[in-house]
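Novice: Below you'll find the structure I mean.
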Amino acid sequence: MSDNLPVSPEQADLPAAVTTPRPASLPEPIAVRHGSFGVHDAGDTTGFGGLQETFTLPGQSARPYGGWFDEVVDILDELLHDDGLDPADVIEKVVVYRAELTIFIAREHILRVTRHLRDDQDLRFELNLGTNGVHYPADRGRELHAVYPLLSVTHNRFLTLEVTCSDEDPHIPSVVSVYPGNDWQERETWDLIGIVFDGHPSLTRTALPDDWVGHPQRKDYPLGGIPVEYKGATVPPADTRRSYN
């Protein structure tokens, strides 16, 4: 069998250190799931009750990151130094995985970082493709993650910013002043995940009624449903029959 597997044009421009999936150097275990679907109340009927899986989040990747990734991080470090900041207080970690660069940013600095990424001539990440929300209930104190995919049209580069906050304090500054197209995206993330984007011009629900309680894409949100009658028997709602993680 040949080892010369085809790669995409984007990967062809990257060195082997990047085109090869690069594991994080310090994986962070956050939870252990038992069984096939994480059943935790009525017993597991799947036959995989003895299965145990440890969930991790990627840790800091080791230098060199490969390709243009080091250049972008070095430029950002220099710009933060020029602002009188210690980059270690702004950049929480850098993760390179599957030829993608993700930079974790302390939430109080997200506006400063996005402005630098957009405006610096050597960076020019002019396009933000939205704000996505993720909920990790077991990531204590950092349960809510906001993910910002950024594209440099000038340099044909793509990276991701990630910012975290807690369930108890679900606030992250809005980046609408930097990327106006994020207006609706931040509304949707607040509606479905519950991250409050401070400074947003009009943070309203997009999919649910204004008086809806809760945020249904969180992993601890009840499944809900209604009783279903079938051949004289009543099947209760899914969340009252069994709970899955």
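Just so we're aligned, residue 939 is where the sequence shown starts under our numbering, counting upward by one.
For each residue, glycine too, the CB sits at the ideal point set by N, CA and C.
(1) For Asp1060, which residues from the same chain have a beta carbon less than 6 Å from its beta carbon, with the 5 sequence-adjacent residues on both sides left out?
(2) Hey, out of Thr1172, Ser999, Ile1131, Gln990, whose CA is closest to Leu1082's CA?
(3) Just confirm the distance between the C-beta atoms of Val1010 and Leu1065, as a whole number of angstroms; I'd bet it's less than 8 Å.
(4) Evaluate contact between the segment 1015-1033 and the segment 1068-1076, counting only Cβ atoms and requiring at least three cross-stretch pairs below 8 Å.
(5) Can you check DSSP and say which residues form a bridge with Tyr1086?
(6) Which residue marks the beginning of the beta strand (DSSP E) containing Pro1111, and which one marks its end?
(7) Taking the beta carbon of Val1166 as the centre, do at least 16 other beta carbons fall within 10 Å, making it buried, or is it exposed?
(8) Is Gly1152 closer than 9 Å to Tyr1159 when the C-beta atoms are compared?
(9) Any idea if His1019 is buried or exposed, counting beta-carbon neighbours within 10 angstroms, 16 or more meaning buried?
(10) Check each candidate in Gly1079, Thr1127, Leu1039 and name the one with the smallest Cα separation from Pro996.
(11) Looking at the strands, I want to know which residues DSSP matches up with Leu1065.
(12) Look at His1109 and Arg1062 and say whether their C-beta atoms are less than 9 Å apart.
(13) Kindly indicate which residue of Arg1156, Tyr1086, Gly973 has the alpha-carbon position closest to the one of Val1114.
Specialist: Working from what's here:
(1) For the purposes of this step, residue 1060 is identified with residue 122 of the sequence shown, where counting begins at 1. Excluding sequence neighbours, Asp1060 sits near Ile1013.
(2) Start at 1 with the first residue of the sequence shown, and residue 1082 comes out as number 144. Looking at the Cα atoms, Ile1131 is the closest of the given residues.
(3) Along the sequence shown, read from residue 1 onward, the residue named residue 1010 stands at position 72. Along the sequence shown, read from residue 1 onward, the residue named residue 1065 stands at position 127. Between Leu1065 and Val1010 the Cβ distance is about 15 Å, and since that is not below 8 Å, they are no contact.
(4) no
(5) The residue you call residue 1086 lines up with position 148 of the sequence shown. Beta-bridge pairing links Tyr1086 to Leu1099.
(6) Indexing the sequence shown from 1 puts residue 1111 at position 173. That run of the beta strand (DSSP E) goes 1109-1111.
(7) For this step, residue 1166 is matched to residue 228 along the sequence shown. So Val1166 ends up on the exposed side.
(8) Looking up residue 1159 in the sequence shown gives position 221. Looking up residue 1152 in the sequence shown gives position 214. It is a contact, given that the beta carbons lie within the stated cut-off.
(9) As a first step, residue 1019 must be located in the sequence shown, where it is residue number 81. Exposed is the call here.
(10) Translated into the one-based positions of the sequence shown, residue 996 becomes position 58. Nearest of Gly1079, Thr1127, Leu1039 to Pro996, Cα basis: Leu1039.
(11) Within the sequence shown, the letter at position 127 stands for residue 1065. DSSP lists Leu1089 as partners of Leu1065.
(12) Within the sequence shown, numbered from 1, the residue matching residue 1109 stands at position 171. Within the sequence shown, numbered from 1, the residue matching residue 1062 stands at position 124. Cβ atoms of His1109 and Arg1062: not closer than 9 Å.
(13) Position 176 of the sequence shown, counting from 1, holds the residue named residue 1114. Val1114 has its Cα closest to that of Tyr1086, out of Arg1156, Tyr1086, Gly973.
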